[in-house]
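Chemist: This is the structure, below, for whatever I ask next.
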Ligand SMILES: [Zn+2]
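In the working numbering, the protein residues as written are 161 to 623.
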């Protein structure tokens with residue numbers, strides 16, 4: 161961070177303290193200043209826990225022209241007083257990335273903006289993605305794992321933990337990159353079936369959510385490094401555990417391929433209309449194509465031509481279908497700091513009272529460990545076709561979506577910098593161990609009670 165820029169940002173931050181908008185307005189900034197006006201300057205809305213270094217690192221990444229030069233999408237702030245309004249917005253094809261009092265922020269195509277206009281939904285701020293751009297997994301974020309470094313880390317874990325850890329591919333993306341799984345099992349290796357209760361932890365259904373790769377990857381590393389700890393040892397001897405840190409490797413690579421972030425969410429399908437990608441977390445075959453997903457190919461929440469049309473979702477489906485011993489699942493995403501449980505695709509709660517009680521107890525317990533907010537996924541808005549609805553609906557796997565750090569885009573959004581990795585991994589170790597432990601009978605969580613969840617207020621979002 162250059163001192164000059166830092167000063168500008170500090171002044172800007174002071175100016176922005178009086179604005180209630182979710183994001184600072186570019187219009188407030190002199191046109192000849194290439195850097196400020198980023199989403200991440202910091203403001204009164206920024207949680208105190210976010211370091212200045214993380215904020216300035218994130219702000220730095222948001223300046224200048226770059227790989228988004230041809231991108232026609234907008235970062236928008238919209239008036240949305242209630243859930244019904246949020247639903248209209250998401251149904252218009254906007255990917256809502258954050259919710260605050262009376263407003264939402266997200267990514268919209270020109271087509272979605274037209275729909276919003278037709279619906280009379282007010283756009284409070286609109287910033288072309290091509291005007292913000294980024295610099296790099298650039299030097300400042302080199303600690304994050306791209307596909308090659310992730311593969312080498314998984315293989316290193318396997319080679320130094322023979323008889324416990326093995327690596328195999330569950331499928332490939334359109335561009336041929338392997339979707340890799342690390343398995344921890346003291347008796348079975350590779351893709352051999354196991355009778356032991358199983359748990360699976362996935363990351364990066366969404367390309368730009370790189371922290372969701374680091375979290376399962378580094379927790380796997382932590383587990384093997386602590387394999388002799390009594391509690392960990394017992395879990396490893398009695399469970400069948402999988403980590404699939406990068407479900408969308410092609411998209412993740414595309415997001416960083418130029419050394420600058422592209423804000424890619426989807427996979428790399430070439431759509432007939434010329435746009436790229438399907439939203440993998442709208443492509444699963446449970447309620448597919450319904451509310452909260454878009455038929456517009458260019459939308460960030462495009463559900464694809466049919467349920468399970470994508471090789472990545474097929475890989476996850478086939479992986480889970482072949483392993484009926486798997487009973488618990490976490491799909492890591494970012495950001496907003498939430499612990500979400502089904503349903504996402506309908507307003508109604510899970511109908512089985514014992515399962516619902518177990519879900520609430522599990523969510524409350526895990527949220528205590530990581531400090532996130534537990535809630536039913538559709539409390540924010542209804543979104544169909546996600547991983548967890550399918551895994552629960554079709555397989556009765558107890559499935560959670562974790563929205564990782566930060567809590568808001570003020571604190572770095574999708575690109576919060578390297579400082580958050582350690583703390584995020586640390587606070588999610590207990591939830592992961594807990595889910596592994598419960599895999600023999602997740603319903604027993606119901607006996608732990610769920611009353612503490614009922615009083616927890618809801619917050620912001622991204623699924
Ligand atoms: Zn996501």
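Cβ coordinates follow ideal geometry from the N, Cα and C atoms, glycine included.
Does ligand 1 have a heavy atom nearer than 6 Å to the CB of residue 374?
Modeler: Residue 374 Cβ: outside cutoff for every heavy atom of ligand 1.
Chemist: In chain order, what residues of the same chain have a beta carbon less than 7 Å from the beta carbon of residue 541, not counting five sequence neighbours either side?
Modeler: Cβ neighbours of residue 541 beyond the five flanking positions: 243, 246, 247, 250, 256, 452.
Chemist: Can you tell me whether residue 369 sits near ligand 1, meaning its C-beta is under 6 Å from at least one heavy atom of the ligand?
Modeler: Answer for residue 369: yes, Cβ within range of ligand 1.
Chemist: With the cut-off set at 7 Å, would you say residue 277 and residue 253 are in Cβ contact?
Modeler: No.
Chemist: What does a CB cutoff of less than 8 Å around residue 387 pick up in its chain, not counting 5 residues either side in sequence?
Modeler: Cβ within range, chain order: 321, 324, 393, 396.
Chemist: Should residue 427 go down as buried or exposed, given a rule of 16 or more other Cβ atoms within 10 Å for buried?
Modeler: Label assigned to residue 427: buried.
Chemist: Put residue 607 into one of helix, strand or coil per three-state DSSP.
Modeler: Reduced to three states, the DSSP call for residue 607 is helix.
Chemist: Just verifying my parser: in three-state terms, what is the DSSP assignment at residue 271?
Modeler: Helix.
Chemist: Taking all protein chains shown into account, decide if residue 425 is buried (16 or more other Cβ within 10 angstroms of its Cβ) or exposed.
Modeler: Counting Cβ neighbours within 10 Å, residue 425 comes out buried, since at least 16 surround it.
Chemist: Going by the DSSP bridge assignment, what does residue 448 pair with across the sheet?
Modeler: Residue 448 is not bridged to any residue.
Chemist: Just confirm the distance between the C-beta atoms of residue 336 and residue 402, as a whole number of angstroms; I'd bet it's less than 8 Å.
Modeler: No, residue 336 and residue 402 are not in contact; Cβ-Cβ is about 22 Å, not under 8 Å.
Chemist: For a test of the three-state rule: what should DSSP assign to residue 135, helix, strand or coil?
Modeler: Absent from the structure is residue 135, since the part of the chain shown begins at 161 and ends at 623.
Chemist: At a threshold of 6 Å, does residue 463 count as lining ligand 1 (C-beta to nearest heavy atom)?
Modeler: Because no heavy atom of ligand 1 lies under 6 Å away, the Cβ of residue 463 does not count as near it: no.
Chemist: Looking at residue 307 and ligand 1, is the gap between the Cβ and the nearest heavy atom below 6 Å?
Modeler: Answer for residue 307: no, Cβ out of range of ligand 1.
Chemist: Give me, in chain order, the residues of the same chain whose beta-carbon lies closer than 7 Å to that of residue 431; leave out the 5 immediate sequence neighbours on both sides.
Modeler: 457.
Chemist: Of all the options 436, 420, 574, 592, which has the alpha carbon lying nearest to the alpha carbon of residue 399?
Modeler: Taking only the C-alpha atoms, the option nearest residue 399 is 592.
Chemist: Alpha carbon to alpha carbon, how far is residue 522 from residue 485? Give it in angstroms, no decimals.
Modeler: Rounded to the nearest angstrom, the two C-alpha atoms are 19 Å apart.
Chemist: Which residue or residues does DSSP assign as beta-bridge partners of residue 396?
Modeler: According to DSSP, which records beta bridges pairwise, residue 396 is partnered with nothing at all.
Chemist: Would you identify the three-state DSSP class for residue 299, choosing helix, strand or coil?
Modeler: In this structure, residue 299 counts as helix in the three-state DSSP scheme.
Chemist: On a CA-only basis, which of 525, 297, 267 is nearest residue 283? Give me that one, please.
Modeler: For residue 283, the nearest C-alpha among the options comes from 267.
Chemist: Please name the residue, chosen from 290, 343, 506, that lies closest to residue 315 on a Cα-to-Cα basis.
Modeler: The option with the nearest alpha carbon to residue 315 is 343.
Chemist: Once you ignore the five residues that flank residue 346 on each side, which residues in its own chain have a CB closer than 8 Å to its CB?
Modeler: Excluding sequence neighbours, residue 346 sits near 323, 324, 396, 397.
Chemist: Just tell me which of 298, 500, 374, 415 has its CA closest to the CA of residue 534.
Modeler: Closest by alpha carbon: 500.
Chemist: Judging by CA-CA distance, which residue of 555, 515, 487 is the nearest neighbour of residue 361?
Modeler: Of the listed residues, the one whose Cα sits closest to residue 361 is 487.
Chemist: Given this structure, state the Cα-to-Cα distance separating residue 327 from residue 370, to the nearest angstrom.
Modeler: Their backbone Cα atoms lie some 21 Å apart in a straight line.
Chemist: What does residue 340 pair with, by DSSP beta-bridge criteria?
Modeler: Residue 340 pairs with 329.
Chemist: Taking residue 534 as part of the beta strand (DSSP E), name the residues at either end of that continuous run.
Modeler: It spans 533-536 - the beta strand (DSSP E) in which residue 534 sits, taken as one unbroken run.
Chemist: Under three-state DSSP, which class holds residue 427?
Modeler: Looking at residue 427 - three-state DSSP - the assignment turns out to be coil, as it is neither helix nor strand.
Chemist: What number of angstroms, rounded off, separates the C-alpha of residue 307 from the C-alpha of residue 364?
Modeler: Approximately 11 Å, taken between the alpha carbons.
Chemist: For residue 520, which three-state DSSP category applies?
Modeler: Helix at residue 520.
Chemist: As a quick exercise: from 520, 329, 423, 503, pick the residue whose alpha carbon is nearest that of residue 494.
Modeler: Residue 494 has its Cα closest to that of 423, out of 520, 329, 423, 503.
Chemist: Output the distance between the C-alpha atoms of residue 367 and residue 351, rounded to the nearest integer angstrom.
Modeler: Spanning the two alpha carbons is a distance of roughly 26 Å.
Chemist: What's the C-alpha gap between residue 475 and residue 413?
Modeler: Residue 475 and residue 413: Cα-Cα distance of roughly 18 Å.
Chemist: DSSP beta-bridge partners for residue 359?
Modeler: Beta-bridge pairing links residue 359 to 401, 488.
Chemist: Alpha helix (DSSP H) containing residue 235: first to last residue?
Modeler: Residue 235 -> not in any alpha helix (DSSP H); beta strand (DSSP E) instead, spanning 234-239.
Chemist: If residue 290 and residue 231 are in contact, beta carbons under 8 Å, what's the gap, nearest whole angstrom?
Modeler: That belief holds up - the Cβ atoms of residue 290 and residue 231 are roughly 5 Å apart, short of 8 Å.
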